[in-house]
Amino acid sequence: MRIPLLDLKQQIQGVEPALHEAMEEIIASTAFVGGAVVSEFEREFAAYCEAPFAIGCGNGTDALEMALDALGVGKGDRVVTVSHTFIATVEAIVSVGAEPVLVDVDPGTLVMDLNALERALDRESGIRAIIPVHLYGNMVPMDGLMALADKHRIPVIEDTAQAHGARYLGRRAGTFGQVATFSFFPGKNLGAFGDAGAVVTRDPDVRAKLAARRDHGRREKYKHDFFGRNSRLDPLQAAVLRVKLPHLDTWNEGRRRVAARYHELLPREVERVQVTPSCEPVYHQYVVRHPLRDKIRAGLAEAGIDAGVHYPIPVHKQPAWRARGFKEITLPVTERAADEVLSLPVYPELSDAQIARVVEAIKSSL
Ligand SMILES: *Cc1c(COP(=O)(O)O)cnc(C)c1O
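Mapping to my numbering: the sequence shown position 193 is 457, numbers consecutive.
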């Protein structure tokens, strides 16, 4: 039996009757845009994040773009983030007309290196926002990051697309910065049945701007305060997310169980990507690293096991970076990580026998 990187079938089967019921309600109501389901999910997701407000939107990339917009970041501004992330983080910066300033990651955790951030803040001018990325379900050390941001009076947007429910010093991911963005892409820890996203904030002004921006800049039906866009959260997706949300903590706990088991069983020579001290991670990915990554991956494939690479080409090495005319930079830790990282199958339903099979396949490929 093949072991996929992620298996959603079992998760969905566990809540299937509730999913059908919720979707049938939407169909019966014929309210296919907006409506109570969306605002109920927004309330519930804000409560889950232990934050005052959540605003649903079309996807996690739009969430980032609209968050930057709401903070007034645009042409001529610069935004610090990492290159070791999914391209959307940087794409959103480019989309609002700003320039990305990419810094290296910590060699142990592979999230933003705060020393590199500090150097960028001291050296560069025109920086108007910082986007820390809580990669793999781990978190950036947000106390240190917020101290630097506050010192320079620069707002922070947490890219929380991979860390729904994680905690740092007991606080939920997404409650440290002025704004946080989430993706509910099907493969994320909380996934919809298509594209969906949200922005979380404690700032009522940001909330009001975003609620209008995602809906053609309007606060009333045909009165448009500014030119916005169309990036609303579908009621059908909100209905799916409302069914799944109450299970998220249990599912995240299941991911931690799988990670602990890998940690215990994997051979010494396979380096684990570390968790930030004081963080309770949610293991969106379980990532190891090895100079013979491609060989291990091939061995796993031969044994019928899917592994992933997040991400094989850093953003500053992408054709898109050059095509846009951004200058060549070198980020040694990021570049080495791209050659060595390997994501192993991780989902709450993965059995101990399956985990053992993955570990055995790694051992024999070495
Ligand atoms: C998935 C992801 C996004 C983008 O989310 P979409 O909903 O796919 O647009 C942004 N940042 C990170 C780190 C992601 O993993």
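Even glycine gets a Cβ: it sits at the ideal position worked out from N, Cα and C.
From the options, pick the residue whose C-alpha is nearest to that of residue i; which is it?
i: Val367; options: Pro396, Pro531, Asp459, Glu355; result: Pro396
i: Gly408; options: Pro541, Ala587, Leu630, Val551; result: Pro541
i: Pro364; options: Val337, Val507, Asn379; result: Val337
i: Ile394; options: Ala380, Gly401, Tyr400; result: Ala380
i: Gly455; options: Arg478, Phe440, Ala503; result: Ala503
i: Ala430; options: Arg477, Cys543, Gly322; result: Cys543
i: His527; options: Tyr547, Asp513, His511, Trp515; result: Tyr547
i: Val534; options: Ala295, Ala292, Tyr550; result: Tyr550
i: Arg493; options: Asp326, Thr294, Ala282, Val301; result: Asp326
i: Phe491; options: Met330, Lys339, Ala625; result: Met330
i: Ala523; options: Asn402, Arg266, Val507; result: Asn402
i: Val404; options: Glu484, Ala587, Asp377, Val610; result: Asp377
i: Ser359; options: Arg588, Ile577, Ser629, Ile267; result: Arg588
i: Asp459; options: His480, His488, Ala425, Pro468; result: Ala425
i: Gln275; options: Pro450, Val354, Leu385; result: Pro450
i: Thr353; options: Leu399, Pro468, Pro609, Ile391; result: Leu399
i: Gly563; options: Ile391, His574, Arg621, Asp489; result: Arg621
i: Gly390; options: Pro371, Lys339, Lys559; result: Lys339
i: Lys559; options: Ser629, Ile619, Arg520; result: Ser629
i: Leu270; options: Thr598, Arg519, Glu566; result: Arg519
i: Gly572; options: Arg586, Leu606, Thr598; result: Leu606
i: Ala362; options: Pro371, Leu332, Val375; result: Leu332
i: Gln618; options: Thr598, Arg525, Ile421, Lys415; result: Arg525
i: Arg521; options: Thr349, Asp616, Leu272; result: Asp616
i: Arg419; options: Ala292, Leu385, Lys273, Tyr432; result: It is Pro, not Arg, that sits at residue 419 in the sequence shown. Nearest of Ala292, Leu385, Lys273, Tyr432 to Pro419, Cα basis: Leu385.
i: Ser303; options: Leu505, Asp489, Lys415, Arg532; result: Leu505
i: His416; options: Glu422, Arg392, Ala437; result: Arg392
For residue i, which residues in the same chain have their Cβ closer than 7 Å to its Cβ, ignoring the five residues on either side in sequence?
i: Glu382; result: Leu412
i: Trp309; result: Checking the displayed sequence, the identity of residue 309 turns out to be Phe instead of Trp. Excluding residues within five positions, the ones whose Cβ falls inside 7 Å are Ala318, Ala462, Leu509.
i: Thr439; result: Cys313, Glu314, Ala315
i: Pro555; result: Glu604
i: Ile577; result: Ala602
i: Ile593; result: Leu366, His580
i: Glu388; result: Arg342, Val365
i: Leu433; result: Asp407, Ser542
Using a Cβ-Cβ cut-off of 6 Å (strictly less than) and excluding sequence neighbours within five positions of residue i, which residues of its own chain qualify?
i: Leu636; result: There is no way to answer for residue 636, as the model of the chain reaches only from 265 to 630.
i: Thr465; result: Phe317, Val443, Arg471
i: Ile290; result: Pro499, Leu500, Ala503
i: Ile351; result: Val579
i: Leu595; result: Ser347, Asp368
i: Gly278; result: none
i: Ala334; result: Val470, Lys473, Leu474
i: Ser495; result: Cys321, Gly322, Asp326, Arg478
i: Glu306; result: Ala318, Gly320
i: Arg266; result: Gly568
i: Gly299; result: Pro499
Go ahead and pull the three-state DSSP assignment for residue i.
i: Ile291; result: helix
i: Phe317; result: strand
i: Ile267; result: strand
i: Val518; result: It should be pointed out that residue 518 corresponds to Gly in this sequence rather than to Val. Helix at Gly518.
i: Glu304; result: helix
i: Thr439; result: coil
i: His480; result: coil
i: Gly401; result: helix
i: Asn379; result: helix
i: Asp498; result: coil
i: Pro281; result: helix
i: Gly324; result: helix
i: Arg342; result: strand
i: Lys627; result: helix
By the 10 Å Cβ neighbour count, where 16 or more other Cβ atoms means buried, how is residue i classified, buried or exposed?
i: Gly324; result: buried
i: Gly320; result: buried
i: Pro545; result: buried
i: Val537; result: buried
i: Lys452; result: buried
i: Phe448; result: buried
i: Gly568; result: exposed
i: Met406; result: buried
i: His428; result: buried
i: His284; result: exposed
i: Ala286; result: buried
i: Glu484; result: exposed
i: Tyr486; result: exposed
i: Ala584; result: exposed
Do residue i and ligand 3 come close, with the Cβ less than 7 Å from some heavy atom?
i: Val343; result: Although ligand 3 was asked about, the structure shown includes only ligand 1 as ligands.
Closer than 8 Å by C-beta to residue i: which residues in its own chain qualify, once you throw out the five before and the five after it? Chain order, please.
i: Ala295; result: Val301, Pro499
i: Val539; result: Thr373, Asn402, Pro545
i: Leu512; result: Tyr312, His428, Gly429, Asn453, Leu454
i: Glu517; result: Pro612
i: Pro268; result: Asp570, Pro609
i: Leu530; result: Arg536, Val552, Val623, Ile626
i: Thr514; result: Pro612
Flag residue i as yes if its beta-carbon sits less than 8 Å from any beta-carbon of chain B, otherwise no.
i: Val622; result: The chain inventory of the structure shown lacks chain B, comprising one protein chain alone.
List in chain order the residues whose CB is within less than 6 Å of at least one heavy atom of ligand 1.
Those residues that bring their Cβ nearer than 6 Å to a heavy atom of ligand 1 are Asn323, Gly324, Thr325, Thr349, Phe350, Ala352, Thr353, Val397, Asp423, Ala425, Gln426, Ser447, Phe449, Asp459, Gly461.
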